[in-house]
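First comes the structure, then the notes that go with it.
Residue numbers (the working numbering), protein chains in the order written: chain A, 94 to 758; chain B, 1184 to 1431.
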């Protein structure tokens, strides 16, 4: 099967408009007879469900949490990008497009990224109209901040809770449609299979997580907005329930999985504290606007700090290595995430890590507190040389900007980041890879769509900060609701889809068999035991840097672990009750398959690009080295076992941007 | 440290339920409260017992999924945090800790410590929105300046995570802080004015139908709220409600 990205003809800037003008529409009277299933209620799924319902489709929306408002988009802190150019600092649609393609290390599809940049401004207008309380300046206009990998301020934010406010905006739009009966909401439901009838996605099988009931749901099209698969690493910044199951089941039913190895390891997370740890907490990238990252220059200072004999605040300026500022003077502390993470790992691997495990660097706000304090003293006509006063005034400014993040840090680490620098270390955060989709966001299965983090399309090999929220809402509010009409226009005479067909029967049976196998297995190890083991393999061998030997051993170790899981996992309780261990077991079973494909993809991609760093392919200075012959998307077709997956390539063509070495120096 | 846990166990909604004692040893002060329960569950499963069911998801204090009534306080003894951000360093060796579900008539128990908070969703369905369709043609985001003060106050109200601690803490099981926060967010913004009267009337009506109690100004909700939502929001809702009622 040849991959057809269905990108429209014409000049880049006119493609989306031309496409919208030409695709088929469904008239409002017919929309009433068409059902659409949306799985996942984060920014992508939630905004899509609301918009499709506003257009008149009958929407059934599903989430595994107890309310759509809990989806993990809610945890996004820093902000959302939009090419509004409110700051007059030279921003434009083209520049956002350019930054995103470059930031993704030239591994994303040009047309999709341009469209994303094009609709970005509409997102801000839409959200403000919904009542999203973005930060404003004293003139009452919207405020912006800057994020990594760019030279303009285009990030809109709501304190450190931008994802929360945008999600609550989408949730409010959903609520309006739920109230009108246009969305039927299924909370605490997990999707466990896609049902394909005559080659088209026509429904899903779900498990009601409260009573264990297996249900069949039909529709004319199915949309997955089910997020990323970072939890394959066990420890990540994802929510505990975030999983790959919906995407993986779609893959097993024919949807190609693209670039699974592209993972974002976020540079500013709170370091691991012990074996009991269940998840990692992110500290927003926005902190790098004001925080300076450093480690000591001398090993003896490192040792003294680790032993508690030396306080970081007592270390003289000349004994500190602000390694990002040193290596990347143009972007400094605001280099993109992949670059910042690798630089932290490089320093820690060289023995300069500042905590007991040697896996932490400092993120220091002392300079920012002083700078802001002096500014405030000047404004207020106070003594700029009064160190205590300056410090106090500066802290107030920092508190207003990042207060909730500082509080979160203090609660977890039990140290006061206003007084001593934060300790941070990279952690798994976001997955750029995902289900392959064409320009219409349709997967290789007709009628099955994939949006937001769950698809692969916009971020290439590395995502820039504040772009995930942008993509989720762009897909859900402004792209999918148009493109899905083109497909559904053929369905206006189809009538309701019956769930009483052999295809639904078979899919339900498949799900029931897996559940029965798990609850009757009576093995000796818990689900977490296997999940943690998988996470260790992934982190050690498919993490921030990868090589052929490790990847090969990861592939065989994951296959063995998967075998051990099915033989020896212990799932307490029964299938027909609230049973979180069973839900977890089903998710981990899928992670154990995805993990192997992930390693296979990483092994196959013999180049370094963005978050995928192959030790064999680096420049003399240790930077990622791309290879022209890998300028394609790897789309894997399921063939029974992850190891048998078949590779399909989508060549990436850059006509509007010159592919060059990605430099932030 | 070593602890005694008294945990509410209830098989399902119709089961009567009871407190059961568990001993747990070698708890690290760096663990979060939920990680401590993970360790307990791991042991229970290995020993062939049923693990304790509790709600949780993001584990960074923002999704609002985690709950728990710990030693008689929603989200436990610390202030300004959810249970997932509560750390064991807040307890001392030898402590006995009571762990119960959020209790309210409108929040029926599903299992053990898991409760059904869908009443909150239904209140939002009744009016927790601004009626604007998605289109690429809404006016430019900067066309209506909003004073920083109003925007910040709206943001403070919008910070509510919908966890239900206010209801669990209230002797009347009132949801006024939760509803007040949503009503306030929109009442403070120009975009929310058009539907302000209908919104407050519909949301309060739904709140009453769900079986939440009234507010008697005790203020426990504000103290226990992990996001510091202010009582002012209740006052503002009452003002809005009165205005809407008088308009008829």
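Note that CB positions come from ideal geometry on N, CA and C, so glycine has one too.
Residues of the region 1223-1243 of chain B in Cβ contact with chain A at a cutoff of 7 Å, in chain order, please. Across the region 1223-1243 of chain B, CB contacts with chain A closer than 7 Å involve 1225, 1228, 1229, 1233, 1234, 1236, 1238, 1239, 1240, 1241, 1242, 1243, in sequence order along the chain.
Measure the CB-CB distance between residue 687 of chain A and residue 132 of chain A and report whether it falls below 9 Å. Taking C-beta atoms as the reference points, residue 687 of chain A and residue 132 of chain A fail to come closer than 9 Å.
Using a cut-off of 7 Å between C-beta atoms, extract the partners of residue 514 of chain A located in chain B. Those do not exist, as residue 514 of chain A stays about 19 Å from chain B at its closest Cβ, beyond 7 Å.
Counting only Cβ pairs nearer than 7 Å, list the residues of chain A close to residue 1312 of chain B. Within 7 Å Cβ-Cβ: 265, 266, 268, 269.
How should residue 1187 of chain B be labelled, buried or exposed, when 16 other C-beta atoms within 10 angstroms of its C-beta is the threshold for buried? Exposed is the call here.
Check the C-beta distance from residue 172 of chain A over to residue 255 of chain A and give it rounded, since I have them as a contact under 8 Å. Approximately 5 Å separates the beta-carbon atoms of residue 172 of chain A and residue 255 of chain A; this is inside 8 Å, confirming the contact.
According to DSSP, is residue 166 of chain A helix, strand or coil? Reduced to three states, the DSSP call for residue 166 of chain A is helix.
Ignore the nearest five residues each way along the sequence and tell me which others in residue 616 of chain A's own chain have a CB closer than 7 Å to its CB. The residues 660, 661, 662, 663, in chain order, have a CB closer than 7 Å to that of residue 616 of chain A in the same chain once the five nearest residues on each side in sequence are set aside.
Alpha carbon to alpha carbon, what distance is there between residue 1339 of chain B and residue 279 of chain A? C-alpha separation (whole angstroms): 30 Å.
Give me the DSSP bridge partner(s) of residue 516 of chain A. Note: residue 516 of chain A sits in a beta bridge opposite A:455.
Between residue 1200 of chain B and chain A, is there a C-beta pair that is closer than 9 Å? Output row for residue 1200 of chain B: interface = no.
Quick one: is residue 1285 of chain B near chain A, going by C-beta distance under 9 Å? No, residue 1285 of chain B does not count as interfacial toward chain A.
Please classify residue 747 of chain A as buried or exposed, where buried requires at least 16 other C-beta atoms within 10 Å of its C-beta. Flag for residue 747 of chain A reads exposed.
Residue span of the beta strand (DSSP E) that contains residue 1203 of chain B, given as start and end: For residue 1203 of chain B, the enclosing beta strand (DSSP E) begins and ends at 1201-1207.
Can you tell me where the beta strand (DSSP E) with residue 543 of chain A in it begins and where it stops? The continuous beta strand (DSSP E) containing residue 543 of chain A extends over residues 541-543.
Under 8 Å, with one C-beta from each stretch per pair, do the region 225-232 of chain A and the region 401-417 of chain A reach the 3-pair mark? The region 225-232 of chain A is not in contact with the region 401-417 of chain A.
Measuring CA to CA, which of A:349, A:212, A:258 is closest to residue 732 of chain A? If we check each option's Cα against that of residue 732 of chain A, A:349 comes out closest.
Counting Cβ pairs closer than 8 Å, one from the region 190-210 of chain A and one from the region 1276-1295 of chain B, do we hit at least three? Because the criterion of three Cβ pairs below 8 Å is not met, the region 190-210 of chain A and the region 1276-1295 of chain B do not touch.
Cβ contact check for the region 1318-1328 of chain B and the region 234-243 of chain A: 3 or more pairs under 8 Å: By the criterion of at least three beta-carbon pairs nearer than 8 Å, the region 1318-1328 of chain B is in contact with the region 234-243 of chain A.
Under 8 Å, with one C-beta from each stretch per pair, do the region 350-363 of chain A and the region 418-437 of chain A reach the 3-pair mark? Pairwise C-beta distances place the region 350-363 of chain A in contact with the region 418-437 of chain A, as three or more of them are shorter than 8 Å.
With DSSP as the reference, identify every bridge partner of residue 282 of chain A, one or two as the case may be. Residue 282 of chain A is bridged to A:301.
Counting only Cβ-Cβ distances shorter than 8 Å, please list the residues of the region 348-382 of chain A near chain B, keeping chain order. So the close ones are 366, 367, 369, 370, 371, 372, 374, 375.
Where residue 1341 of chain B and residue 139 of chain A are concerned, what is the direct C-alpha to C-alpha distance, given to the nearest angstrom? The straight-line gap from Cα to Cα measures roughly 18 Å.
If you follow the alpha helix (DSSP H) that residue 381 of chain A is part of, which residue opens it and which one closes it? No alpha helix (DSSP H) contains residue 381 of chain A, which DSSP labels as neither H nor E.
Under the assumption that residue 1264 of chain B contacts residue 1409 of chain B (Cβ atoms under 8 Å), give the Cβ distance between them as a whole number of angstroms. Contact holds; Cβ gap of about 6 Å.
Counting along the chain, where does the alpha helix (DSSP H) carrying residue 440 of chain A start and finish? DSSP places residue 440 of chain A in the uninterrupted alpha helix (DSSP H) bounded by 430-440.
Whether residue 134 of chain A touches residue 574 of chain A by CB criterion (9 Å): At a Cβ-Cβ threshold of 9 Å, residue 134 of chain A and residue 574 of chain A do not count as neighbours.
Given a threshold of 16 other Cβ atoms within 10 Å of its Cβ, counted over all protein chains shown, does residue 333 of chain A qualify as buried or as exposed? The residue in question, residue 333 of chain A, is buried, as its Cβ has 16 or more Cβ neighbours within 10 Å.
With residue 524 of chain A and residue 323 of chain A assumed to form a contact (beta carbons below 8 Å), what rounded beta-carbon distance in angstroms separates them? About 6 Å separates the CB atoms of residue 524 of chain A and residue 323 of chain A; that is less than 8 Å, so the two are in contact.
For residue 1408 of chain B, go through chain A and note every residue whose CB falls closer than 7 Å to its CB, in chain order. Those within 7 Å of residue 1408 of chain B in chain A number zero; the least Cβ separation is about 14 Å.
Taking 9 Å as the threshold (C-beta atoms), are residue 1195 of chain B and residue 1293 of chain B in contact? Cβ atoms of residue 1293 of chain B and residue 1195 of chain B: closer than 9 Å.
Check whether the region 464-479 of chain A and the region 1228-1240 of chain B are in contact - that is, three or more C-beta pairs closer than 8 Å. Short answer: they don't touch.
Cut-off 7 Å between Cβ atoms - residues of its own chain near residue 1370 of chain B, not counting five sequence neighbours on either side: If we look at residue 1370 of chain B and ignore the five residues flanking it on each side, its Cβ neighbours are 1379, 1419, 1423.
What is the residue span of the beta strand (DSSP E) that residue 633 of chain A lies within? Here residue 633 of chain A belongs to no beta strand (DSSP E); instead the alpha helix (DSSP H) covers 620-634.
Could you tell me which chain A residues have their CB closer than 8 Å to the CB of residue 1353 of chain B, listed as they occur along the chain? Below the 8 Å Cβ cutoff, chain A contributes no neighbours of residue 1353 of chain B, its closest Cβ being approximately 20 Å away.
Distance, Cα to Cα, residue 381 of chain A vs residue 611 of chain A? Rounded to the nearest whole angstrom, the C-alpha separation of residue 381 of chain A and residue 611 of chain A is 45 Å.
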